[in-house]
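Colleague: Pasting in a structure now, in structure tokens, and then I'll have a few things to ask.
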Amino acid sequence: MFLLLTVCFPLPLLVYSNLISRGISSVPVLRVEKPRVADFSPVFKREEKKQQKEVSVKLLATAIGSVNLALISVDGQVKTVRVGSEVGGYRVAHIDRNYIILSRGEEKKAIGFSFTKAEARTTEPKAIAQGEAQTLQAVVQKREIESVTADPGVMFRQIRLVPYVQDGRTTGFLFEWVDPQSIFSRVGIVPRDVLVSINNQQIRSGEDAFRILQVLRNENSFKIGLIREGKPVELLVRVE
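In terms of numbering that gives the first Met the number 0, the sequence shown has 224 at position 225, counting the first letter as 1, and numbering is strictly consecutive.
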């Protein structure tokens, strides 16, 4: 019995070996194909090129204070940014009073102001003698006040303000640039004037200025306090 088992079991292996050696092709061979994986690389390359497309960035205004802000134009669209904001694939890395720095990886570029130099105004507001302070009068349209106070972007396209610091503290804001065709120029403000108050309320931060400007929307008149060449100047503005 034991001998029988030892002879019978190897037979299938011998038969199979003979079939292979004779080249009999009737034995089916299974082919296992690797699964096909879709190639999305062209899509990602196109997306990468799209993200790296250069955008047109122009600096319109800056506000330097506890939180530095900048008003910029990105492909013609005006937006307010701060440090950390995303701009066309770049990150705002730094905001200075005259420029901002954008970064993307190791790449960095600075964006500065680009505007024509302000020209002298052809007309001056009427001067009225009043003690030591010079007082000027002007008239503006209500729609102009509403336009400036409703959208900070409009205001920052007409002026550029930087903090005016005395003894280590901000006492007002210096007008570094004033558009000669703007409402600010028409009321009597000139470059290098220092804004210290509106309606006798002190201006010590950008937030103060914006808050007070909102109140002016419903005023028929208001007073602007300035320092010009070291001397106080009052602008009395009537709204029609």
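Cβ atoms here follow ideal geometry from the backbone N, Cα and C, with glycine treated the same way.
Because the structure is a prediction, the values reported are computed rather than measured.
Under three-state DSSP, which class holds SER181?
Modeller: SER181 falls in the coil class under three-state DSSP.
Colleague: Between GLU53 and ALA92, what straight-line distance do the alpha-carbon atoms span, to the nearest angstrom?
Modeller: 17 Å
Colleague: What distance in whole Å lies between the Cβ atoms of THR148 and GLN213, which are believed to be in contact at a cut-off of 8 Å?
Modeller: 6 Å
Colleague: Once DSSP output is grouped into helix, strand and coil, what is the label at VAL189?
Modeller: coil
Colleague: Compute the Euclidean distance between the alpha carbons of VAL177 and ASN217, then round it to the nearest angstrom.
Modeller: Spanning the two alpha carbons is a distance of roughly 24 Å.
Colleague: Can at least three beta-carbon pairs, one atom from the region 179–186 and one from the region 131–145, be found at a separation below 8 Å?
Modeller: yes
Colleague: Could you have a look at LEU225 and say whether DSSP puts it in helix, strand or coil?
Modeller: strand
Colleague: Spatial neighbours of ARG159 within its chain, please: C-beta separation below 6 Å, excluding the five flanking residues on both sides.
Modeller: ALA60, GLU175 and TRP176
Colleague: Under 7 Å, do GLU233 and ILE182 count as touching if we go by C-beta distance?
Modeller: no
Colleague: Could you tell me which residues DSSP pairs with LYS108 in its beta bridges?
Modeller: LYS108 pairs with LEU101.
Colleague: Between which two residues does the beta strand (DSSP E) harbouring SER72 extend?
Modeller: For SER72, the enclosing beta strand (DSSP E) has its first and last residue at 68–73.
Colleague: Quick one: grab the DSSP three-state call for GLU85.
Modeller: strand
Colleague: To the nearest angstrom, report how far apart LEU101 and LEU173 are at their CA atoms.
Modeller: 26 Å
Colleague: Using alpha carbons as the reference points, say which of SER65, PHE221, GLY75 and ASP192 lies closest to VAL82.
Modeller: SER65
Colleague: Could you check what DSSP says for VAL238 in three-state terms: helix, strand or coil?
Modeller: strand
Colleague: Expressed to the nearest angstrom, what Euclidean distance is found between the alpha-carbon atoms of ASN198 and ILE71?
Modeller: In a straight line, the C-alpha of ASN198 is about 30 Å away from that of ILE71.
Colleague: Look up SER220 in the DSSP assignment and say whether it is helix, strand or coil.
Modeller: Residue state for SER220 is assigned as strand, using DSSP reduced to three classes.
Colleague: Can you list, in chain order, the residues of its chain whose CB lies under 6 Å from that of ASP192, leaving out five sequence neighbours each side?
Modeller: PHE174, LEU225 and ARG227
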